[in-house]
Amino acid sequence: MAKIEFRNVVKRFGAIEVIPEMNLVIEDGEFVALLGPSGCGKSTSLFMLAGIYLPSGGELLFDGHVVNEVEARDRNVGIVFQSYALYPHMSVRDNILFPLRFKKTPRDEAFARVKAAADLVRVAELLERRPSELSGGQQQRVALARALVKEPQLLLLDEPLSNLDASLRLSMRTEIKSLHEQLGVTTVLVTHDQIEATTMADRIICMRAGRIEQVGTPDDLYLRPSSLFVAGFIGSPPINLIAGEAEAGTVTVNGARFPLEGGASGSVTVGLRPEHLRFGETGFAGRIAQIEPMGREILYVVETGMGAVRVLEQGSSAGHSTGEQVMIGFLPENSLVFETARQKLIAGAHVRAPE
Amino acid sequence: MSVQAIPKASTAASEPAADWDALAARARGVRRTKAVVLYAFLIAVSLPIILPYFWLVTIAFSARSGVAETAVLWRSMAVVVPAVVAFWLTAALAQSRRQLWIGIATVAAIAVFAFAVLVGPDLHVGNFIFLWEPDFASVVRSRIGEVKGAVQFPNVWHAFGNSILIAGAQTAIVVTVASLAAYYLSRFQFPGRSSMLRSLLVLHAFPVLTLIVPMFLMLYWIGLLDTLSGVILVLVAFELPFAIFIMKGFYDAVPWDIEMSALTDGASRRQAFVSVVLPQVRNGILAIAVFTFIRGWEEYIFVFTFLIRNSNWTMSLYMYWVRDDVMGVDYGVVSAVGVFYLVPSLILYMAAQRYLMQMSIGGVKG
Ligand SMILES: Nc1ncnc2c1ncn2[C@@H]1O[C@H](COP(=O)(O)OP(=O)(O)OP(=O)(O)O)[C@@H](O)[C@H]1O
Ligand SMILES: [Mg+2]
Numbered sequence: 000m001a002k003i004e005f006r007n008v009v010k011r012f013g014a015i016e017v018i019p020e021m022n023l024v025i026e027d028g029e030f031v032a033l034l035g036p037s038g039c040g041k042s043t044s045l046f047m048l049a050g051i052y053l054p055s056g057g058e059l060l061f062d063g064h065v066v067n068e069v070e071a072r073d074r075n076v077g078i079v080f081q082s083y084a085l086y087p088h089m090s091v092r093d094n095i096l097f098p099l100r101f102k103k104t105p106r107d108e109a110f111a112r113v114k115a116a117a118d119l120v121r122v123a124e125l126l127e128r129r130p131s132e133l134s135g136g137q138q139q140r141v142a143l144a145r146a147l148v149k150e151p152q153l154l155l156l157d158e159p160l161s162n163l164d165a166s167l168r169l170s171m172r173t174e175i176k177s178l179h180e181q182l183g184v185t186t187v188l189v190t191h192d193q194i195e196a197t198t199m200a201d202r203i204i205c206m207r208a209g210r211i212e213q214v215g216t217p218d219d220l221y222l223r224p225s226s227l228f229v230a231g232f233i234g235s236p237p238i239n240l241i242a243g244e245a246e247a248g249t250v251t252v253n254g255a256r257f258p259l260e261g262g263a264s265g266s267v268t269v270g271l272r273p274e275h276l277r278f279g280e281t282g283f284a285g286r287i288a289q290i291e292p293m294g295r296e297i298l299y300v301v302e303t304g305m306g307a308v309r310v311l312e313q314g315s316s317a318g319h320s321t322g323e324q325v326m327i328g329f330l331p332e333n334s335l336v337f338e339t340a341r342q343k344l345i346a347g348a349h350v351r352a353p354e
Numbered sequence: 000m001s002v003q004a005i006p007k008a009s010t011a012a013s014e015p016a017a018d019w020d021a022l023a024a025r026a027r028g029v030r031r032t033k034a035v036v037l038y039a040f041l042i043a044v045s046l047p048i049i050l051p052y053f054w055l056v057t058i059a060f061s062a063r064s065g066v067a068e069t070a071v072l073w074r075s076m077a078v079v080v081p082a083v084v085a086f087w088l089t090a091a092l093a094q095s096r097r098q099l100w101i102g103i104a105t106v107a108a109i110a111v112f113a114f115a116v117l118v119g120p121d122l123h124v125g126n127f128i129f130l131w132e133p134d135f136a137s138v139v140r141s142r143i144g145e146v147k148g149a150v151q152f153p154n155v156w157h158a159f160g161n162s163i164l165i166a167g168a169q170t171a172i173v174v175t176v177a178s179l180a181a182y183y184l185s186r187f188q189f190p191g192r193s194s195m196l197r198s199l200l201v202l203h204a205f206p207v208l209t210l211i212v213p214m215f216l217m218l219y220w221i222g223l224l225d226t227l228s229g230v231i232l233v234l235v236a237f238e239l240p241f242a243i244f245i246m247k248g249f250y251d252a253v254p255w256d257i258e259m260s261a262l263t264d265g266a267s268r269r270q271a272f273v274s275v276v277l278p279q280v281r282n283g284i285l286a287i288a289v290f291t292f293i294r295g296w297e298e299y300i301f302v303f304t305f306l307i308r309n310s311n312w313t314m315s316l317y318m319y320w321v322r323d324d325v326m327g328v329d330y331g332v333v334s335a336v337g338v339f340y341l342v343p344s345l346i347l348y349m350a351a352q353r354y355l356m357q358m359s360i361g362g363v364k365g
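In structure tokens, the structure reads:
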């Protein structure tokens, strides 16, 4: 187990600066998720932890020791690649055994540990097969067993669930989470799926273009996103963002006036999550343009004076129909106000629905 | 079919149904024509390829008193031509793998039987005299009363050994160097990498014959003229670029993350290469090994130029001198030497066929 620290870490590929500067502490035994859109440098950060990439600057620390120069094979890091990277010419048993070959583990002990790791991820009956004879989910579990068998001090998972179908993804999510609780190994999960991150991780590191936008618990990111980017990235269906002008205690959006609590002025963006909006007697007016049933919830797209607004309502049958005129209300504490120019959250600022 | 479920659509669909049949018939006709053309082409191409080899073997085993008997050749042709045609027809008409194999086996059995009846009585191994009689040239000449002037031939097994040595050593060097160099070219960035890749192909484009004079001088000055190692070095130099290029294609196809995974699993760069990367390119290595070996086995120009003493003769030189010395006297012996020279490459090709097929696939990716 290890405590991980990035200190001013920089990574360049030739002239391209992929990670301008990264500062981050991951506590011993923690489960964190690196979340961000494609190409934002998640895998790159992970590969620096694994020792595959050398940082171009700054320091990387394991338990307070600088490991920049320590080779991948000496770091005792278990990694599951996005493609699983199983060795195609070896049986599942040999795949899982592979890391132990270089640790000079005695034969009997090695076999016992392979067995234990295979049992842990429930692939014990597949040991004689080749990777090509396994399903995606089975391959993923073998990769996990191979990463775990060496009892790593750090477990790295690079989008391990992205190749799986929806139901398998759901069950693997729970399995990986319970494995982490069982073993307590420091784990970094890379993902671009915000649901994966919020359901599995203790803390989420939200990245954008090589920079960390926000670090916090899933609740932090959902309730108090520090920027427009995080607000837009977390939550599904995505948050409604409405641009307006704040002046003398009101936000004016295309004629509609929202009373403002807390100080803000100039151009602001109001964030309203679809699940926090309610149809009612008061609020702002609109016309239902589209209805999308989503199983246990219904998503309404409502045309309003400030553009299309998404409203999510519980229940499996639509209580409203297309073309209907509605009023949309919300609780002030659920609203978020961002400074448009800097894209940052204005802490403590809320708007109320127009009366 | 659940046609009744959509009664309205079914009436609509029944109208163009006749058209569908016509379209299907036309497609079938086109397919059939294509098949006929294809198999006619295959027959036309395979006959001229197979027949010379077949005659070579037939002459080697049937010629008596130095002359190929035309009657035997015609009879053997009467067996082989129908057999080839029948083979392709079977391939064209077979509906399943099973039928194909049964068909081929039947054709082969009939051909072997016909051959045994028509040609069998004329077969003998007397023309392979060179295998046990080093001074066969004198023997053969004495049959027609010409005793003097025979070339002093070395033991054929000695020439055979030289050929194996040249081809084997060349293969070992080319495979080792190419698999290491290609790995480096495939995985690492270094200044001059792309120009090196380009020059690899350009090197291969030059006709080797143009370099024979400078090569001769170089070998002479180094002191490797008329030695097997000199020829091996020259052959390696000429074969290496292409082998590297082919191998690079195979390495490029090995996923990068497998190797990285091995590194994080505790392997050193070398261990990762040996235990994870090399097994993935095994077919490529086998392919270049077979090609290089056969290339060395067939080598003629360089051995002819750079080897002088008859104790250094390879099979190709042996063949050349047999043809030069005995051809006018005995076709049978020349053909028998040819067959003896042919057999190793034939065996190798057949054993490695599967891997050679893969080379074209792996190579394209280069
Ligand atoms: N070896 C490399 N050479 C040059 N640029 C690279 C290299 N590897 C990655 N990059 C660049 O670095 C950026 C970050 O890449 P990275 O693989 O870390 O993205 P990611 O966040 O993992 O994305 P994804 O979700 O698509 O996997 C990308 O813009 C990519 O083009
Ligand atoms: Mg990635």
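If you read the sequences in order, they're chains A and B.
For the first sequence, numbering that gives the first Met the number 0 assigns the number 0 to the initial residue and increments by one for each residue that follows.
For the second sequence, numbering that gives the first Met the number 0 assigns the number 0 to the initial residue and increments by one for each residue that follows.
Heads up, the beta-carbon is just placed ideally off N, CA and C, and yes, glycines get one too.
Which residues, in chain order, sit with a beta-carbon under 7 Å away from any heavy atom of ligand 2? A/K41, A/S42, A/Q81, A/D157, A/E158, A/V189
Please confirm whether any heavy atom of ligand 1 lies closer than 7 Å to the CB of A/G38. Position 39 of the first sequence, counted from the start, is the residue given in the question as residue 38 of chain A. A/G38 Cβ: within cutoff of ligand 1.
Can you confirm whether the stretch 175 to 188 of chain A touches the stretch 207 to 220 of chain A when touching is taken to mean that 3 or more C-beta pairs between the two stretches lie within less than 8 Å? no
Cut-off 6 Å between Cβ atoms - residues of its own chain near B/P6, not counting five sequence neighbours on either side: Translated into the one-based positions of the second sequence, residue 6 of chain B becomes position 7. For B/P6, the pLDDT reaches just 47, beneath the cut-off of 50, and the residue's location in the model is therefore unreliable, although a value from the coordinates is still provided. No residues qualify anywhere along the chain.
Given a limit of 7 Å on CB to CB distance, which residues of the stretch 102 to 113 of chain A reach chain B? K102
Buried or exposed by the 16-neighbour rule on C-beta atoms within 10 Å, applied to B/L200: Translated into positions along the second sequence, residue 200 of chain B becomes position 201. Answer is exposed; the Cβ neighbour count stays below 16.
For A/I15, is the beta carbon positioned less than 7 Å from some heavy atom of ligand 1? Reading the first sequence from its first residue, position 16 is the one you call residue 15 of chain A. Answer for A/I15: yes, Cβ within range of ligand 1.
Within 10 angstroms of the Cβ of A/I18, are there 16 or more other Cβ atoms? Answer buried if so, exposed if not. On the first sequence, position 19 is the one that residue 18 of chain A refers to. Looking at its Cβ environment, which holds 16 or more other Cβ atoms inside 10 Å, A/I18 is buried.
Indicate the three-state DSSP secondary structure (helix, strand or coil) for A/P292 in the structure shown. For the purposes of this step, residue 292 of chain A is taken as the residue at position 293 of the first sequence. In this structure, A/P292 counts as strand in the three-state DSSP scheme.
Taking CB distances under 8 Å as the criterion, tell me whether A/H88 reaches chain B. Taking the first sequence and counting its residues from 1, the one referred to as residue 88 of chain A is at position 89. Yes - at least one Cβ of chain B is within 8 Å of the one on A/H88.
The stretch 266 to 278 of chain B / the stretch 290 to 299 of chain B touching (three or more Cβ pairs under 8 Å): no
What does B/I262 reach in chain A if we use C-beta pairs closer than 9 Å? The sequence position of residue 262 of chain B within the second sequence is 263, counting from 1. Note that residue 262 of chain B is Leu in the sequence shown here, rather than Ile. Those are A49, G50, I51, E70, A71, R72, listed as they occur along chain A.
Closer than 7 Å: is that where the CB of A/G35 sits relative to any heavy atom of ligand 1? Walking along the first sequence from the start, residue 35 of chain A turns up at place 36. The answer is yes for A/G35.
Using DSSP's beta-bridge definition, name the partner residues of A/H349. Start at 1 with the first residue of the first sequence, and residue 349 of chain A comes out as number 350. A/H349 pairs with A/E260.
Rounded to whole angstroms, what is the Cα-Cα separation between A/E158 and B/L218? Counted from its first residue, the first sequence places residue 158 of chain A at position 159. Counted from its first residue, the second sequence places residue 218 of chain B at position 219. Rounded to whole angstroms, A/E158 to B/L218 spans 59 Å at the Cα level.
Indicate, with yes or no, if ligand 1 has a heavy atom lying under 7 Å from the CB of B/H203. Along the second sequence, one-based indexing puts residue 203 of chain B at 204. B/H203 Cβ: outside cutoff for every heavy atom of ligand 1.
Under 8 Å: do the stretch 54 to 72 of chain A and the stretch 8 to 22 of chain A share three or more Cβ pairs, one atom per stretch? yes
Selection of the stretch 234 to 254 of chain B by Cβ proximity to chain A, strictly under 9 Å: P254
Tell me which residues of the stretch 184 to 217 of chain B have at least one Cβ-Cβ distance to chain A shorter than 9 Å, keeping chain order. none
So what's A/K10 in DSSP terms, helix, strand or just coil? Locating residue 10 of chain A in the first sequence gives position 11, where the first residue counts as 1. Here A/K10 sits in strand by DSSP.
DSSP three-state assignment for B/V363, whether helix, strand or coil: What you label residue 363 of chain B is simply residue 364 of the second sequence in a count that begins at 1. Only weak support is given to the placement of B/V363: the predicted model assigns it a pLDDT of 37, under 50, and the value that follows is read from those uncertain coordinates. Reduced to three states, the DSSP call for B/V363 is helix.
May I ask which residues mark the beginning and end of the beta strand (DSSP E) holding A/M21? Along the first sequence, one-based indexing puts residue 21 of chain A at 22. Unbroken beta strand (DSSP E) run through A/M21: 15 to 25.
Which whole-angstrom value describes the C-beta separation of B/A181 and B/M246, a residue pair presumed to lie in contact below a C-beta threshold of 8 Å? Residue 181 of chain B sits at position 182 when you count from the first residue of the second sequence. Residue 246 of chain B sits at position 247 when you count from the first residue of the second sequence. Correct: roughly 3 Å between the Cβ atoms.
Nearest-angstrom Cα separation, counted from B/G160 out to B/M349: Position 350 of the second sequence, counted from the first residue, corresponds to residue 349 of chain B. Position 161 of the second sequence, counted from the first residue, corresponds to residue 160 of chain B. Distance between the alpha carbons of B/M349 and B/G160 is about 21 Å.
Return no unless some Cβ of chain A is closer than 8 Å to the Cβ of B/G399. No answer is possible for residue 399 of chain B: it lies beyond the span of chain B, which begins at 0 and ends at 365.
When the Cα atoms are used, what is the spatial distance from B/M314 to B/G248? On the second sequence, residue 314 of chain B is found 315 positions in, with the first residue counted as 1. On the second sequence, residue 248 of chain B is found 249 positions in, with the first residue counted as 1. Computed Cα separation, rounded: 33 Å.
Within 10 angstroms of the Cβ of B/M0, are there 16 or more other Cβ atoms? Answer buried if so, exposed if not. The residue labelled residue 0 of chain B in the question sits at position 1 within the second sequence. Since pLDDT at B/M0 reaches only 40, below the 50 mark, its modelled position is unreliable, and the value read off the structure follows with that caveat. So B/M0 counts as exposed.
Is A/F12 close to ligand 1? I mean its beta-carbon at under 7 Å from any heavy atom of the ligand. For the purposes of this step, residue 12 of chain A is taken as the residue at position 13 of the first sequence. At least one heavy atom of ligand 1 is nearer than 7 Å to the Cβ of A/F12, so yes.
Determine the direct distance from the alpha carbon of B/S193 to that of B/V233, and round the result to whole angstroms. By one-based count along the second sequence, residue 233 of chain B stands at place 234. By one-based count along the second sequence, residue 193 of chain B stands at place 194. Distance between the alpha carbons of B/V233 and B/S193 is about 25 Å.
Following the continuous alpha helix (DSSP H) through B/I163, name the residue where it begins and the one where it ends. On the second sequence, position 164 is the one that residue 163 of chain B refers to. Element bounds for B/I163: 155 to 186.
Is it buried or exposed, B/V36, if we count other Cβ atoms within 10 angstroms and call 16 or more buried? To locate residue 36 of chain B, count along the second sequence from 1; it is residue 37. The residue in question, B/V36, is exposed, as its Cβ has fewer than 16 Cβ neighbours within 10 Å.
Taking just the CA atoms, how far does B/A108 sit from B/A93? Indexing the second sequence from 1 puts residue 93 of chain B at position 94. Indexing the second sequence from 1 puts residue 108 of chain B at position 109. In a straight line, the C-alpha of B/A93 is about 17 Å away from that of B/A108.
Own chain, CB closer than 6 Å to B/A335, minus 5 neighbours either side, in chain order: Looking up residue 335 of chain B in the second sequence gives position 336. Result list for B/A335: A59, N126, F127, in chain order.
Straight-line Cα distance separating A/I204 from A/C39: Locating residue 39 of chain A in the first sequence gives position 40, where the first residue counts as 1. Locating residue 204 of chain A in the first sequence gives position 205, where the first residue counts as 1. Their Cα atoms are separated by approximately 12 Å.
Terminal residues of the continuous alpha helix (DSSP H) containing A/T173? Residue mapping note: residue 173 of chain A aligns to position 174 of the first sequence, counting from 1. That run of the alpha helix (DSSP H) goes 165 to 182.
Using a 10 Å radius around the Cβ and a threshold of 16 neighbouring Cβ atoms, would you call A/D164 buried or exposed? Indexing the first sequence from 1 puts residue 164 of chain A at position 165. So A/D164 ends up on the exposed side.
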